[in-house]
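In what follows, a structure is listed as structure tokens, so that the remarks can point back to it.
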Amino acid sequence: AQSVSQHNHHVILSEAASLELGCNYSYGGTVNLFWYVQYPGQHLQLLLKYFSGDPLVKGIKGFEAEFIKSKFSFNLRKPSVQWSDTAEYFCAVNNAGKIIFGKGTRLHILP
Amino acid sequence: SAVISQKPSRDICQRGTSLTIQCQVDSQVTMMFWYRQQPGQSLTLIATANQGSEATYESGFVIDKFPISRPNLTFSTLTVSNMSPEDSSIYLCSVYGTGVNTGELFFGEGSRLTVL
Chain B
-5 AQSVSQHNHH VILSEAASLE LGCNYSYGGT VNLFWYVQYP GQHLQLLLKY FSGDPLVKGI
55 KGFEAEFIKS KFSFNLRKPS VQWSDTAEYF CAVNNAGKII FGKGTRLHIL P
Chain S
23 SAVISQKPSR DICQRGTSLT IQCQVDSQVT MMFWYRQQPG QSLTLIATAN QGSEATYESG
83 FVIDKFPISR PNLTFSTLTV SNMSPEDSSI YLCSVYGTGV NTGELFFGEG SRLTVL
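In the order they appear, the protein sequences are chains B and S. Quick note: the first sequence uses our numbering, first residue -5, plus one each step. Quick note: the second sequence uses our numbering, first residue 23, plus one each step.
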């Protein structure tokens, strides 16, 4: 079955640590890829997206993600996290007009 | 971008009752999507609502349980019928952006349902 897998369910880091959250998808063909973030008590908002072109995508708040087609991956990175990055992060794939979400990674940053 | 308003923002319901959630968008859109986010879980697509046609339901969701209306290009409703505690979730309406936001989903703040 088609799916989006996020490897880390819960990540705890100290401020200034580097972050990488894994995402793999199982769809073939052309896909559009997204990372969404949900801060505590807020609604989902887009961090970044990949449609085509440069596989290294830069988003808001210093986040970036790299699309590696051969690995069906779209990992999210940030070189130095802040306490305010505490949130839940969702990888998502648009395939055939529907956006399917991974199970999410809950990130907790220690001050 | 798109601004999406949902009502109610939250409700507490009794088992066996039904509740209708309204979604209003500030622009005309072809497709509207209804998602469910159960406690501690990710978002699951319930159905896609197109104006002027029947909604398309995802596997595991049926029209009798989640009837959807789409009377015009800016409005949709989702009804959760004959509720049970397992239906306690956040229900989210979403639409695609346009222009520079094409292909990106925008979400309402959700409707948090608790079924007793």
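Don't be surprised by glycine CBs; every beta carbon is placed ideally from N, CA and C.
Residue i vs residue j beta-carbon contact at 8 Å
| i | j | result |
| --- | --- | --- |
| residue 137 of chain S | residue 45 of chain S | no |
| residue 73 of chain B | residue 61 of chain B | no |
| residue 67 of chain S | residue 109 of chain S | no |
| residue 97 of chain B | residue 0 of chain B | yes |
| residue 58 of chain S | residue 106 of chain S | no |
| residue 40 of chain S | residue 131 of chain S | no |
Per-residue contacts from residue i into chain B (C-beta, under 7 Å)
| i | result |
| --- | --- |
| residue 64 of chain S | 84, 95, 96, 97 and 98 |
| residue 138 of chain S | Simply none; closest approach about 23 Å. |
| residue 95 of chain S | Within chain B, no residue comes near residue 95 of chain S; the closest Cβ sits about 17 Å away, beyond 7 Å. |
| residue 132 of chain S | 37 |
Contact list for residue i against chain S, beta-carbon separation under 7 Å
| i | result |
| --- | --- |
| residue 45 of chain B | 125 |
| residue 38 of chain B | 129 |
| residue 26 of chain B | 125 |
Whole-Å CB distance - residue i paired with residue j, under 8 Å assumed
| i | j | result |
| --- | --- | --- |
| residue 26 of chain B | residue 125 of chain S | 5 Å |
| residue 40 of chain B | residue 28 of chain B | 6 Å |
| residue 83 of chain B | residue 59 of chain B | Going by Cβ atoms, the distance from residue 83 of chain B to residue 59 of chain B rounds to 11 Å, so no, they are not a contact pair. |
| residue 43 of chain S | residue 63 of chain S | With a Cβ gap of about 18 Å, residue 43 of chain S and residue 63 of chain S do not count as contacting. |
Nearest to residue i (by Cα), restricted to the options the options
| i | options | result |
| --- | --- | --- |
| residue 86 of chain S | S:74, S:73, S:94 and S:100 | S:100 |
| residue 103 of chain B | B:-3, B:6, B:52 and B:-2 | B:6 |
| residue 88 of chain S | S:129, S:69, S:123 and S:52 | S:69 |
Within chain B, the residues that residue i reaches when beta carbons sit closer than 9 Å
| i | result |
| --- | --- |
| residue 67 of chain S | 92, 93, 94 and 95 |
| residue 70 of chain S | 91 and 92 |
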